[in-house]
Ligand code: ADP
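Residue numbers (UniProt numbering): 473 to 996.
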C-alpha cells in the first residue's frame, strides 16, 4: 500500500508522446477555423498534458461538408461491401499493433489503469472492428410477397452523414463502437469527442486512414458540447445522430435534432442499475461481482476482469473509465436480502478496503484517479450528501493523496430509496447497499428509477432468476455475472437511459434506410 501511495505523489512518466492535436477533416489534420485551442489535463496531477484544437460551429460545418462530399461523390458508399470489410479488418490489425501506444495515451488522458486500457478497451475495440467488418458484406434487403401483380423488394441503403457525440469514460472504445456499424453500412461520419479526453480519437482515426479509409469518410472534431456538439446535433446536413452521455444532455440533443431537420437519434444515457443479491446467492461471488460491477472503470484487474481479458471481448464498461466507477451501466444500487445482509456488507467493505488505488501506469493498480476536477468534486459532493442523509459510511469517503483526483473506494450501507445517493448517477467509486425482504418488494424498488439501463440478479434458483429477469425494466439483465458486453449482444436502455440499441445486429438498423421498390409484373 505504501508503494501505491508513493506512486500517487510521484507520477510515473507515461511511455508515450502526444502526436496529434489538430482536427481531422477530409483526411488532413488542421487547426480550428478560429485558431483557438483548449487544454487537456492529466488526472493524476491536474497538470496540462497538451493543448488541442478547439473546434466549434465553423469546424463542424467544414467536417460535415467533407462527410457530405465523401458520401455524395466519394468511393466509400460505392465500393463493394467486401472492400469496406477489408479496410475494417486492416484497421483492426492496426489497432492490435498499436495497442501499447494507444492504451498509454488513453490512460494518461483519462486516468484508467493502463492494463485495463490495453487489455479491455483496446481488446474490445479490436474485436468490435472485426465484428463490424464481418457485417459489411452481409447487409441486404428482402423480396416481399405483396398482394397484387407486383415485384416488391427492399433496398437497405446507408442513411448518409452520421453525427456521433461521444463521452470521456471509454474514449477509444466509444469511438470504435460508434463508427463501426456506421462504416459497415457505408455511411460517412463526423465524430465530436469529449473535451476531457480528446487525444486518442485522432490517433485511432489516423489508423483508419492508414487502413485505406478514403478521405472525408471519418472526420474528428474536438471541442466543447454547447459549441461543437450543439452545432453537430442541430446541423441541417447531418442525417443521423448517435449520442452517448448524460441524460440531461440527451434531452438537449433530442430537442436540437427535432428543431433542425428531424434527424433520427440514438441515445445511450445514464443508469442507476440495481444489483440484486438473493438469499440463496453464492455470497463470496456476489460480493466480488458487486464490487466489480460498481468500481469497474475505477478500476482494474480483479479476477472477473482477468477472466474477461482472456478473450478480450467483453466488458466495455469494464475497460475504461469504468475502473473508477465511471461506467454508465455500473451496478450502483446493491440490493441484498436481509438474511445475508450483514455478512454481505462486512465482506463488501473488506473488499473495498483491499482495492488498490494508485498511478494508472503501475502494474498492480485496480483504480486510478477520476477523470477531472469536476467529476472529482461531484463525487465528493455525493459522498457528503450520503453522510448527511444518514447512510452509514462503512469505508472510504475521502480523497487519496495530495494531488490529482484519487478517491478512496467508498461503501455506504443502510441506504434508503429517498436519499440522493440512491437516485442520482454518481459515476464514481461509491457503492450503496440496500436491504430487502422479498422479491416483489425488490423488483418494485429496482424499477422505481427514472433509469433502466441494466440490472443483475444473483441467485441459484432458476425461478427467481426468471421472475426477476422478466420483472426488471432494463435493457440488459445479467444473471450471476456483470459487465458481460460482447460485440454481438445489444446494449441500450429503457426509460431515461436512452433510445435504441447499439452493438449486435440491432446496431445496423440505426445506420440504414429501407427503400421499398415496387415494379409491376407484366406476366405474373
Ligand atoms: P458527461 O457528464 O459524461 O460529461 P455529457 O453529456 O456532458 O456527459 O457529455 C457527453 C458528450 O456530450 C461530450 O462529448 C460533450 O462535449 C457533449 N455535450 C455536452 N453538452 C452538449 C450540448 N449542449 N450539445 C451537444 N453536445 C454536448
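Quick reminder that beta carbons are idealized off the backbone N, C-alpha and C, glycines included.
Start and end residues, beta strand (DSSP E) containing residue i
| i | result |
| --- | --- |
| residue 950 | 948 to 951 |
| residue 691 | 690 to 693 |
| residue 881 | Neither: residue 881 is in no beta strand (DSSP E) and is coded neither H nor E. |
| residue 523 | 520 to 525 |
| residue 855 | Looking at the DSSP string, residue 855 is not in any beta strand (DSSP E); the run it does join, the alpha helix (DSSP H), is 845 to 860. |
| residue 625 | 622 to 630 |
For residue i, the first and last residue of its enclosing alpha helix (DSSP H)
| i | result |
| --- | --- |
| residue 920 | Element bounds for residue 920: n/a, residue is neither H nor E. |
| residue 753 | Unbroken run through residue 753: none, as it is neither H nor E. |
| residue 939 | 934 to 943 |
| residue 981 | 978 to 981 |
| residue 495 | Counting along the chain, residue 495 falls outside any alpha helix (DSSP H), though it belongs to the beta strand (DSSP E) covering 495 to 497. |
| residue 720 | 719 to 731 |
| residue 653 | 643 to 656 |
| residue 1026 | Residue 1026 lies beyond the residue range present for the chain, which begins at 473 and ends at 996; the question has no answer from this structure. |
| residue 574 | 571 to 582 |
Alpha-carbon to alpha-carbon, residue j and residue i
| i | j | result |
| --- | --- | --- |
| residue 773 | residue 953 | Annotation note: pLDDT 37 at residue 773 (below 50); position unreliable, coordinate value reported separately. One C-alpha to the other measures close to 16 Å. |
| residue 934 | residue 805 | 22 Å |
| residue 866 | residue 808 | 16 Å |
| residue 793 | residue 609 | Bear in mind that a pLDDT of 45 at residue 793, under 50, signals an unreliable position, so the model cannot answer this. |
| residue 718 | residue 499 | 30 Å |
| residue 759 | residue 491 | 42 Å |
| residue 990 | residue 618 | 9 Å |
| residue 946 | residue 638 | 22 Å |
| residue 950 | residue 648 | 24 Å |
| residue 714 | residue 739 | 6 Å |
| residue 820 | residue 668 | 31 Å |
| residue 869 | residue 850 | 13 Å |
| residue 620 | residue 987 | 19 Å |
| residue 680 | residue 659 | 14 Å |
| residue 685 | residue 961 | 27 Å |
| residue 979 | residue 879 | 36 Å |
| residue 733 | residue 536 | 14 Å |
| residue 757 | residue 958 | 21 Å |
| residue 595 | residue 624 | 43 Å |
| residue 782 | residue 768 | No answer about residue 782 holds up, because its pLDDT of 37 lies below 50 and its placement is not dependable. |
| residue 789 | residue 803 | Confidence at residue 789 is low in this model, with a pLDDT of 40, below 50, so the placement of that residue is unreliable and no value is reported for it. |
| residue 779 | residue 854 | With a pLDDT of 38 at residue 779, under the threshold of 50, the modelled position of this residue cannot be trusted; read the value that follows with caution. So the two alpha carbons sit approximately 32 Å from each other. |
| residue 575 | residue 956 | 21 Å |
| residue 704 | residue 477 | 43 Å |
| residue 489 | residue 666 | 20 Å |
| residue 508 | residue 523 | 10 Å |
| residue 577 | residue 675 | 9 Å |
Distance CB(residue i)-CB(residue j) smaller than 8 Å
| i | j | result |
| --- | --- | --- |
| residue 723 | residue 729 | no |
| residue 998 | residue 798 | Residue 998 cannot be examined here, being either before or after the span of the chain that is shown, 473 to 996. |
| residue 691 | residue 559 | no |
| residue 839 | residue 899 | no |
| residue 982 | residue 541 | no |
| residue 644 | residue 706 | no |
| residue 697 | residue 721 | yes |
| residue 486 | residue 841 | no |
| residue 629 | residue 984 | yes |
| residue 563 | residue 601 | yes |
| residue 484 | residue 831 | yes |
| residue 568 | residue 590 | no |
| residue 890 | residue 863 | no |
| residue 944 | residue 919 | yes |
| residue 923 | residue 969 | yes |
| residue 556 | residue 656 | yes |
| residue 875 | residue 583 | no |
Any non-hydrogen atom of the ligand ADP within 7 Å of residue i CB
| i | result |
| --- | --- |
| residue 667 | yes |
| residue 701 | yes |
| residue 652 | no |
| residue 718 | yes |
| residue 697 | yes |
| residue 967 | no |
| residue 686 | no |
| residue 705 | yes |
| residue 649 | no |
| residue 639 | yes |
| residue 721 | yes |
| residue 679 | no |
| residue 627 | no |
| residue 898 | no |
Integer Cβ distance of residue i from residue j, believed to fall under 8 Å
| i | j | result |
| --- | --- | --- |
| residue 579 | residue 834 | Not quite, the Cβ-Cβ distance comes to about 11 Å (not below 8 Å), so this is no contact. |
| residue 748 | residue 927 | 7 Å |
| residue 539 | residue 495 | 13 Å between Cβ atoms; not a contact. |
| residue 531 | residue 700 | 7 Å |
| residue 909 | residue 810 | 6 Å |
| residue 963 | residue 948 | 7 Å |
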